[in-house]
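Heads up, the sequence shown is in this note's numbering, so the first residue is 915 and it goes up one at a time. Don't be surprised by glycine CBs; every beta carbon is placed ideally from N, CA and C. Just below is one structure, and these are the notes that go with it.
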Amino acid sequence: MTMKRWIAIVVAAVLIFVSIGVNTLSYIFTRDFSSFFDEMISTSASGYEETVIEEGTGNDKIAVLTLDGVIQDMGTASSIFSPAGYNHQFFMNQLDEILVDENVKGVILRVNSPGGGVVESADIYDAIQEIQTTREIPLYVSMGGMAASGGYYVSAPADKIFVNHETITGSIGVIMESVNYSKLAEKYGIDFNTIKTGPYKDIMSGSRPMKDEERAMLQEMINDSYERFVDIIEEGRGMTEADVKKIADGRIMNGRQAIEAGLADDYGKVDDVIGAMKEDYDLQNATVFEYTTMDSLGSLFGVKAGNLLGGNVESELIGKLLSDYNAPRMMYLYGER
């Protein structure tokens, strides 16, 4: 590379940094700080801001929560380059806020999820039950394109469930999967040296076939979680065990089928659901809001960074290689993991 080209690159870099600096200073000196402090005051004690969707009068509020994506706890190890996704801790914190905010008179839960982990789904269900018992406020569910398996599990205790005609729901059941690559390894002459303290310590290992007694152990675990799922639907929807088990075989269904099966109440998008709650509980003057946090800025940056890196097969492959090891576990999940 010639000296002339190096000089051009340095000049371009300097111009970029100067441009960023000028724009930053311009933003600072033109910022309406009175508005900024107003936003600070409206932020809740836990650091979450309430973003108004529909302005109301008085103190009554309706909270709109969004559950979008696979229900799983990814911990705090996500990178700033990671795309936005479901944040389990943030969602649970929103439920905690509602539990202590006496001005919240109703909750709309927007669900667009194929389900996820049995533990995380149970976390959400238990928190919803606590709100309903302690606060005695209504909770309506607005199902989006998908509210299957764990997505239905967390919806079951709702006072009313609304679907779209094309909503995919159902998939009631539990799944646990692993990959058996022992024959592939044998084909390529790969041996596995496993040292273990008991015969079942490597249960569901991909390096060997599963034994019948191991399958029976796992099936018993799966059955327990399935029965809990059925019990939750019985209680939430006022159905008999026999009626639930007629459709609790893993099948998926659309909005019409869900209503006919007793799993949903009516058609309606989120605006319709908000209107129905206002009408049913005399909350016409309530402010409708959702919780937001500065994490949304990081999520936005993650999406942009992902786009910048191309979002191609190579980057996806690297992401999988860098991700944490996940052992097989029980899931209330429809579709691929």
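For residue j and residue i, believed in contact at Cβ under 8 Å, the rounded distance
| i | j | result |
| --- | --- | --- |
| Gly-1169 | Ala-1178 | 7 Å |
| Val-1025 | Ala-1061 | 4 Å |
| Met-1090 | Leu-1132 | 6 Å |
| Gly-972 | Asn-1199 | 5 Å |
| Ser-1092 | Gly-1120 | 6 Å |
| Gly-999 | Gly-983 | 5 Å |
| Val-1032 | Tyr-1246 | 6 Å |
| Thr-1201 | Val-966 | 6 Å |
Collapsed DSSP secondary structure at residue i in the structure displayed
| i | result |
| --- | --- |
| Tyr-1181 | strand |
| Leu-1098 | helix |
| Lys-1192 | helix |
| Lys-1125 | coil |
| Leu-1009 | helix |
| Glu-1091 | coil |
| Tyr-1248 | coil |
| Leu-1197 | coil |
| Phe-1203 | strand |
| Asp-982 | strand |
| Ala-1172 | helix |
| Met-988 | coil |
| Lys-1159 | helix |
| Met-1118 | coil |
| Ile-1136 | helix |
| Ile-976 | strand |
| Ile-1104 | coil |
Of the listed residues the options, nearest to residue i (C-alpha basis)
| i | options | result |
| --- | --- | --- |
| Glu-865 | Val-1184, Tyr-1067, Gly-1059, Gly-972 | The chain is shown only over 915 to 1251; residue 865 falls outside these bounds and no answer can be derived. |
| Arg-1165 | Gln-1046, Ile-1022, Glu-1155, Ser-1085 | Ser-1085 |
| Thr-1108 | Leu-1098, Tyr-1095, Arg-1122 | Arg-1122 |
| Tyr-1181 | Asn-1078, Ala-1070, Gly-999, Gln-1008 | Asn-1078 |
| Ser-1139 | Ala-1036, Ile-1045, Phe-1106, Val-1202 | Ala-1036 |
| Gly-1029 | Ala-1070, Asp-1185, Thr-1111 | Ala-1070 |
| Arg-1243 | Phe-1203, Ile-1051, Val-1184, Ile-1136 | Ile-1136 |
| Thr-1081 | Lys-1183, Val-966, Val-1088, Ile-967 | Lys-1183 |
| Asn-1094 | Lys-1125, Pro-1052, Asp-1157, Asp-1010 | Lys-1125 |
| Gln-1003 | Lys-1019, Thr-1207, Lys-1110, Glu-1016 | Thr-1207 |
| Tyr-1205 | Asp-987, Gln-986, Ile-1022 | Ile-1022 |
| Asp-1015 | Tyr-1039, Glu-964, Tyr-1195, Arg-1129 | Glu-964 |
| Met-988 | Lys-975, Phe-1005, Val-1202 | Phe-1005 |
| Arg-1151 | Ala-1130, Glu-1174, Arg-1129 | Glu-1174 |
| Tyr-1114 | Ala-1130, Ile-1104, Lys-1019 | Ala-1130 |
| Arg-1142 | Gly-1087, Thr-1047, Ile-985, Gly-1020 | Gly-1087 |
Cβ-Cβ distance between residue i and residue j below 8 Å
| i | j | result |
| --- | --- | --- |
| Tyr-1054 | Ala-1190 | yes |
| Asn-1252 | Tyr-962 | Limits of the chain in this structure are 915 at one end and 1251 at the other, which puts residue 1252 out of reach. |
| Glu-1155 | Val-1144 | yes |
| Glu-968 | Leu-1013 | no |
| Val-1187 | Ser-1027 | no |
Cβ-heavy atom distance, residue i to the ligand ZN, below 7 Å
| i | result |
| --- | --- |
| Ile-1173 | This structure lacks the ligand ZN, and indeed carries no ligand of any kind. |
Test: residue i CB closer than 8 Å to a CB of chain D
| i | result |
| --- | --- |
| Thr-965 | Protein chain content of the structure displayed is limited to a single chain, and chain D is not contained in it. |
Q.
Quick check for students: name the residue ranges of the beta strand (DSSP E) that lie wholly in the stretch 1012-1088, counting only runs of 3 or more.
A. For the stretch 1012-1088, whole beta strand (DSSP E) runs of length 3 or above, ordered along the chain, are 1018-1027, 1029-1031, 1053-1062, 1074-1077, 1082-1084.
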